[in-house]
Amino acid sequence: MNFELLPSDFFGYENLLTDQEKTALTNLRAYLESDVRPIVNGCWERAEFPAEVIRPLAQLGAYSFGWPETRPFENSAVFRGFVALEVARVDASVATFVGVQNGLACGTIAATGSQEQRDEWLPRLASGEIVGAFGLTEPFSGSDAAQGLRTTATRTGDTWLLNGEKRWIGNATFSDITIIWAKDTADGMVKGFIVPTDTAGYSATKIDGKISLRAVQNADIVLENVVVPERNRLQNANSFRDTAKVLRLTRAEVAWAAVGTSIGAYEAAVAYAKERVQFGKEIGGHQLVQDLLVKSLGNITASLGMVVRVSQMLDEGSQRDEHAALAKLYTTARMRETVAWCRELFGGNGIVLDYDVARFFADAEAVYSYEGTREMNTLIVGRSITGQAAFV
């Protein structure tokens, strides 16, 4: 298969990729179109995750490209961003699964685990042999996780006792391991633990009734005297600053997924504009419809420029928290505008799943909120601008 630029990549940012990266992206795109796109509306409607995609995505490298222990070839952060974009332009729920498996589960172990922990867990996660989840958010602690974390960890000899609750944990109804963040009762510092989900005292209950990312299996987790061996404590996670290292990386990945979600809605709108006939001609020939499409493409193009640059900065070693924060808050805000304009183009047909745009429209709300709200990311950037923290 030959590589082709996405029509929505109006300035041709994909041309920055190497030939090997383009080939990998082409193979991923082909699988997503042939095997994932046909099933995602049904999964969304039933609020079921398509487990059959987990291993094929692993074989295509979706969880392995970022880590020396598992990557099939040297690759750039820009390429890895385009991987997130490609998945999201087909389905934001599947993209969220990939983000949890790759960015949060693998990423936490890569960033804060010992080399022994990396060697033990990264290949298993990257191959899809096991599924991971990331337990930070709690029922009463979201944006204030640095100070408000209530889950506790108490050390006794070579084991730790975990107690507490987590909420909104993606993948957690079927994960094999969950990264649990808890406050050490001895020093008050936040520490991370790799917790097998079959451990006594660990339970996860699916959250029902969602209107966004319905295929994502979010769960409430309860930890009641869960015993974790010291070898499963992430050896380089000794404060919330270490947690923040992971969140900076995944925040940029969510920015890429936001662009992909925008593109998914935009592509559906372009296709509809070329086939829907009103007043004797295709609606794509009407000025107001073209206005919606051009505004959408402008948002996509501006957002692509931002995420490409923030990923280049990661490769250069110059990316900071405020860079990822600005990318996430900007691209998700533009995504929210874009999916609304694209849904508007469909009229009444925009509220049914048949045309895909309704799914992108609904899913954008969750992508807009998770991995740091617009308000919290604004305060991270504002602190960088002024030198003053305004979080409280």
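Going left to right, the sequence shown walks through residues 1 to 392 as UniProt numbering numbers them. We put the CB at the ideal spot given by N, CA and C, even for glycine.
With 16 other Cβ atoms within 10 Å as the buried cut-off, status of residue i
i: Gln278; result: exposed
i: Met1; result: exposed
i: Val352; result: exposed
i: Gln101; result: buried
i: Ala172; result: buried
i: Gln388; result: exposed
i: Phe346; result: buried
i: Arg55; result: exposed
i: Ser143; result: exposed
i: Phe134; result: buried
i: Arg343; result: buried
i: Phe391; result: exposed
i: Gly192; result: buried
i: Thr386; result: exposed
i: Asp363; result: buried
i: Thr112; result: buried
i: Leu149; result: buried
i: Asn225; result: exposed
i: Lys183; result: buried
i: Phe375; result: Contrary to the premise, residue 375 reads as Glu rather than Phe in this sequence. Exposed, by the Cβ-count rule.
i: Glu316; result: exposed
i: Gly170; result: buried
i: Gly348; result: exposed
i: Leu5; result: exposed
Alpha-carbon to alpha-carbon, residue j and residue i
i: Leu104; j: Ala273; result: 38 Å
i: Thr152; j: Trp168; result: 18 Å
i: Arg118; j: Ser127; result: 14 Å
i: Pro196; j: Glu52; result: 22 Å
i: Val228; j: Ile194; result: 8 Å
i: Thr18; j: Phe11; result: 17 Å
i: Val131; j: Phe174; result: 7 Å
i: Pro68; j: Ser318; result: 20 Å
i: Leu288; j: Thr137; result: 43 Å
i: Thr159; j: Asp321; result: 33 Å
i: Gly285; j: Leu292; result: 12 Å
i: Gly99; j: Ala62; result: 9 Å
i: Lys210; j: Ala366; result: 10 Å
i: Gln235; j: Asp187; result: 16 Å
i: Lys281; j: Ala255; result: 37 Å
i: Leu32; j: Arg233; result: 36 Å
i: Phe79; j: Leu60; result: 14 Å
i: Tyr370; j: Val94; result: 15 Å
i: Arg71; j: Ala77; result: 12 Å
Start-to-end residues for the beta strand (DSSP E) that takes in residue i
i: Trp181; result: 177-184
i: Val190; result: 190-196
i: Asn218; result: No beta strand (DSSP E) contains Asn218, which DSSP labels as neither H nor E.
i: Asn163; result: 159-169
i: Tyr31; result: Element bounds for Tyr31: not the beta strand (DSSP E) but the alpha helix (DSSP H), 19-31.
i: Tyr370; result: No beta strand (DSSP E) contains Tyr370, which DSSP labels as neither H nor E.
i: Arg155; result: 152-156
Rounded distance between the beta-carbons of residue j and residue i, thought under 8 Å
i: Val90; j: Val40; result: 7 Å
i: Ala88; j: Ala252; result: Contact flag wrong, Cβ pair sits at about 14 Å.
i: Thr250; j: Gly107; result: 6 Å
i: Phe73; j: Gln147; result: At roughly 42 Å, the Cβ-Cβ gap does not stay under 8 Å, so Phe73 and Gln147 are not in contact.
i: Tyr368; j: Arg334; result: With 8 Å as the limit, Tyr368 and Arg334 do not qualify as a contact, their Cβ atoms being about 10 Å apart.
i: Gly260; j: Glu86; result: 7 Å
i: Phe97; j: Phe49; result: 7 Å
i: Leu16; j: Val308; result: 7 Å
i: Arg266; j: Ser8; result: Reading off the sequence shown, one finds Tyr at residue 266, where the question assumed Arg. Sure, about 6 Å apart at Cβ, within 8 Å.
i: Ser311; j: Gly81; result: 5 Å
i: Val190; j: Ser239; result: 6 Å
i: Ala338; j: Ser262; result: According to the sequence provided, residue 338 is Thr. The question's Ala does not apply to it. About 4 Å separates the two Cβ atoms, so the contact holds.
i: Thr154; j: Thr185; result: 5 Å
Contact test: residue i Cβ vs the ligand NAP heavy atom, cutoff 8 Å
i: Glu120; result: This structure simply doesn't include the ligand NAP, nor any ligand for that matter.
Residue i - containing alpha helix (DSSP H), residue span
i: Lys328; result: 321-345
i: Ser390; result: Per the sequence shown, residue 390 should be read as Ala rather than Ser. From DSSP, Ala390 is part of no alpha helix (DSSP H); its letter is neither H nor E.
i: Ser311; result: 287-316
i: Tyr266; result: 240-275
i: Phe79; result: 77-90
i: Ala126; result: 115-126
i: Ala110; result: 107-112
i: Ala58; result: 54-59
#### Entry: Touching by the beta-carbon criterion (3+ pairs, under 8 Å), the stretch 155-163 and the stretch 110-126
no
### Message
Check whether the stretch 197-209 and the stretch 233-248 touch, using three or more Cβ-Cβ pairs below 8 Å as the test.
### Response
no
### Task
Flag this pair as touching only if the stretch 298-310 and the stretch 345-362 have three or more C-beta atom pairs under 8 Å; answer yes or no.
no
### Query
Counting Cβ pairs, one atom from each stretch, are 3 or more of them under 8 Å apart for the stretch 214-221 and the stretch 29-49?
yes
### Query
Any contact of the stretch 315-333 with the stretch 375-384, i.e. 3+ C-beta pairs under 8 Å?
yes
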